[in-house]
Amino acid sequence: MKSNVIEVLQQYNNFTELKEFSEYGNGHINDTYLLDYEGSGKVILQKINKSIFKEPKKLMENIALVTSFLRDKIEKNGGDPDRETLNLIKTKDGQSFYEDSKGDIWRAYNFISDTICYEQVTNAKEFYESGYAFGNFQNLLADFPVNKLSEVIKNFHNTEDRFATFKAQINEDPLGRAKNVKEEIDFFLNREEYTHIFNRALANNEIPLKVTHNDTKLNNILFDKDTKKALCVIDLDTIMPGVAAFDFGDSIRFGANKGLEDEVDLSKVGLDIELFEAFTRGFLEACGKSLNKREIELLHLGAVVMTYECGIRFLGDYIAGDKYFKIARENHNLDRARTQIKLISDMEEHIEEMKKIVEKYI
Numbered sequence: 002m003k004s005n006v007i008e009v010l011q012q013y014n015n016f017t018e019l020k021e022f023s024e025y026g027n028g029h030i031n032d033t034y035l036l037d038y039e040g041s042g043k044v045i046l047q048k049i050n051k052s053i054f055k056e057p058k059k060l061m062e063n064i065a066l067v068t069s070f071l072r073d074k075i076e077k078n079g080g081d082p083d084r085e086t087l088n089l090i091k092t093k094d095g096q097s098f099y100e101d102s103k104g105d106i107w108r109a110y111n112f113i114s115d116t117i118c119y120e121q122v123t124n125a126k127e128f129y130e131s132g133y134a135f136g137n138f139q140n141l142l143a144d145f146p147v148n149k150l151s152e153v154i155k156n157f158h159n160t161e162d163r164f165a166t167f168k169a170q171i172n173e174d175p176l177g178r179a180k181n182v183k184e185e186i187d188f189f190l191n192r193e194e195y196t197h198i199f200n201r202a203l204a205n206n207e208i209p210l211k212v213t214h215n216d217t218k219l220n221n222i223l224f225d226k227d228t229k230k231a232l233c234v235i236d237l238d239t240i241m242p243g244v245a246a247f248d249f250g251d252s253i254r255f256g257a258n259k260g261l262e263d264e265v266d267l268s269k270v271g272l273d274i275e276l277f278e279a280f281t282r283g284f285l286e287a288c289g290k291s292l293n294k295r296e297i298e299l300l301h302l303g304a305v306v307m308t309y310e311c312g313i314r315f316l317g318d319y320i321a322g323d324k325y326f327k328i329a330r331e332n333h334n335l336d337r338a339r340t341q342i343k344l345i346s347d348m349e350e351h352i353e354e355m356k357k358i359v360e361k362y363i
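Be aware that the sequence shown starts at 2, since it is given in the numbering used here, and climbs by one per residue.
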């Protein structure tokens, strides 16, 4: 065991009862360990990746505020706050995190037992449960004072800002790649209007800023091992002020695509309208009453805008020389961008149907 890990463990009350310690999970960002204590059960210990999260203390303040709020709400609603939200374990001096001698930030959560996690959507029931979980997350936090949260990644879903970066990458074109992807570039440039939809709605006070998760993939939900029902939303590092449609839209982009995010055979890529409906039903059953009229009107467009935003990030990174997203093969980011283009095109063909599905469950 590394000396800095021992230093961290000593900050928690039950250090002497530790019987087992191992690396845990398949996350790529934070270092995660599973601790098993004699008598007091299991704990998740994590070191936050400071190269991704530049202000980890603000991140931890966000998580402490939100999980405390969720715990109170779940308890008042007659739920089980020990299983339905993440619970931070305080250090000996009552802090929600510990800063070690190297300046790294660590945190500990109670381990939620008898749960499973899915990497990919395999059926509509799972995706309905996913929609209900993220919708319930929105609903429980609908009256949270969002001004208390810090923006841990600046302009994370500011699509106008992402578009400005994309245009700058095209103009700089350090490797001369832009001339070979003119069709893909034009696809996004011709749809600049998507970048303004939510910024404009916010500026006009048509929709509110809310607490958003900002990484609403299926694998960020714990399901009850026996009932297979969604139990707890996890991975709260990107909790920030945002727009409800972004959490909705990113789930659709990731989960309702018939193909993989980097699929080369574009005939396999498209919107699975059955999965779209399953997620929408779950999401709106859970939070429909806490959304205003304009939020509901724009909800389906969240899926298009999030796919568009992801697409310009992939294509921009390809043009810039694959600086941000990890690649496993030549043209990997270009393949990812083309997948988003195909998915957007398919969404555009189904846009009225998507809108009617949203209206159906209000």
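Note that CB positions come from ideal geometry on N, CA and C, so glycine has one too.
Suppose the cutoff is 7 Å on Cβ atoms and the five residues either side in sequence are ignored; what does the same chain contact list for ASN220 look like?
CYS118, TYR119, GLU120
Kindly give me the distance between the Cβ atoms of ILE320 and GLN170, rounded to whole angstroms, as I take these residues to be in contact under 8 Å.
With a Cβ gap of about 5 Å, ILE320 and GLN170 count as contacting.
Report, in whole angstroms, the separation of the C-beta atoms of ASP73 and LYS226, which I expect to be a contact under 8 Å.
In fact, because the Cβ distance is near 26 Å, the residues do not count as touching under 8 Å.
Just to confirm, is the Cβ distance from ILE90 to ALA109 under 7 Å?
yes
Assumed close pair ALA279, ALA125 - CB separation to whole angstroms, cut-off 8 Å
Right, their Cβ atoms sit about 4 Å apart.
Give me the Cα-Cα distance between ILE274 and ASN172, rounded to the nearest whole angstrom.
37 Å
Using a Cβ-Cβ cut-off of 6 Å (strictly less than) and excluding sequence neighbours within five positions of ILE106, which residues of its own chain qualify?
ILE49, PRO57, PHE98, GLU100
Check the C-beta distance from LEU372 over to ALA246 and give it rounded, since I have them as a contact under 8 Å.
The structure shown does not extend to residue 372, since the chain is modelled only from 2 through 363, so no value can be given for it.
Among GLU8, PHE277, GLU262, the one whose alpha carbon lies nearest that of ILE328
GLU262
List the endpoints of the continuous beta strand (DSSP E) containing CYS233.
231-234
Assign LYS290 to one of two classes, buried (16 or more other C-beta atoms within 10 Å of its C-beta) or exposed (fewer than that).
exposed
Among ASN205, GLU21, ILE53, which residue has its Cα nearest to the Cα of TYR432?
As shown, the chain starts at 2 and ends at 363. That puts residue 432 outside it, with no answer to give.
Short check: CB of LEU60 to CB of VAL153, under 7 Å?
yes
Go through its chain and collect everything with a Cβ distance to PRO175's Cβ below 7 Å, but skip five positions before and after it.
So the qualifying residues of the chain are ALA321, GLY322.
Cα-Cα separation between TYR325 and PHE315, rounded to whole angstroms
9 Å
Does the segment 191-199 come within contact of the segment 281-295, defined as at least 3 CB pairs closer than 8 Å?
no
Under the assumption that HIS158 contacts GLU24 (Cβ atoms under 8 Å), give the Cβ distance between them as a whole number of angstroms.
Their Cβ separation, rounded to whole angstroms, is 31 Å, which puts HIS158 and GLU24 out of contact at 8 Å.
Return the CA-CA distance between THR86 and VAL234, expressed in angstroms with no decimal places.
Rounded to whole angstroms, the separation of the alpha carbons of VAL234 and THR86 is 7 Å.
Please report the distance separating the alpha-carbon of ILE75 from that of ASN140.
11 Å
Note the first and the last residue of the continuous beta strand (DSSP E) segment covering THR308.
First-last for THR308: 294-321, but that is the alpha helix (DSSP H), not the beta strand (DSSP E).
Of the listed residues THR166, VAL147, SER41, nearest to GLY243 (C-alpha basis)
VAL147
Using the rule of at least 16 other Cβ atoms within 10 Å of the residue's Cβ for burial, across every protein chain shown, is GLY132 buried or exposed?
buried
According to DSSP, residues forming a beta bridge with THR160
Assignment of beta-bridge partners to THR160 by DSSP yields no partner.
On a CA-only basis, which of THR239, ALA143, LYS269 is nearest LYS343? Give me that one, please.
Closest in C-alpha terms to LYS343, from the list THR239, ALA143, LYS269, comes LYS269.
When we look at the beta-carbon of GLN47 and count the other beta-carbons within 10 Å, is it buried (16 or more) or exposed?
buried
Using alpha carbons as the reference points, say which of THR281, ASN332, TYR13 lies closest to VAL182.
ASN332
Rank GLY312, ARG337, LYS361, ALA304 by C-alpha distance to the C-alpha of ILE352 and give the top, closest one.
ALA304
May I ask which residues mark the beginning and end of the alpha helix (DSSP H) holding LYS285?
Correcting the residue identity first, residue 285 is Leu in this sequence and not Lys. Where LEU285 is concerned, the enclosing alpha helix (DSSP H) stretches over 274-288.
Tell me the DSSP bridge mates of ASP37?
GLU21, LYS43
Less than 6 Å separating the Cβ of THR217 from some heavy atom of the ligand COA?
No copy of the ligand COA occurs in the structure displayed, which carries no ligand at all.
Alpha helix (DSSP H) segments (min. 4 residues) lying fully within the segment 231-269:
245-256
Per-residue burial, LYS51 [other beta carbons within 10 Å of its own, 16 or more giving buried]
It is exposed - the Cβ of LYS51 has fewer than 16 other Cβ atoms within 10 Å.
Can you tell me which of ALA338, ARG282, LEU335, GLY312 puts its alpha carbon nearest to the alpha carbon of ASN137?
ARG282
Under DSSP, the alpha helix (DSSP H) around LYS180 begins and ends at which residues?
Note, LYS180: premise wrong, no alpha helix (DSSP H); not H, not E.
Please work out which residues of its chain come closer than 6 Å, Cβ to Cβ, to LEU299, disregarding the five sequence neighbours upstream and downstream, and give them in chain order.
Scanning its chain for C-beta atoms nearer than 6 Å, with the 5 sequence neighbours on each side dropped, one finds around LEU299 the residues ALA246, in chain order.
ARG192 - partner residues in DSSP beta bridges:
Answer is none; ARG192 lacks a bridge partner.
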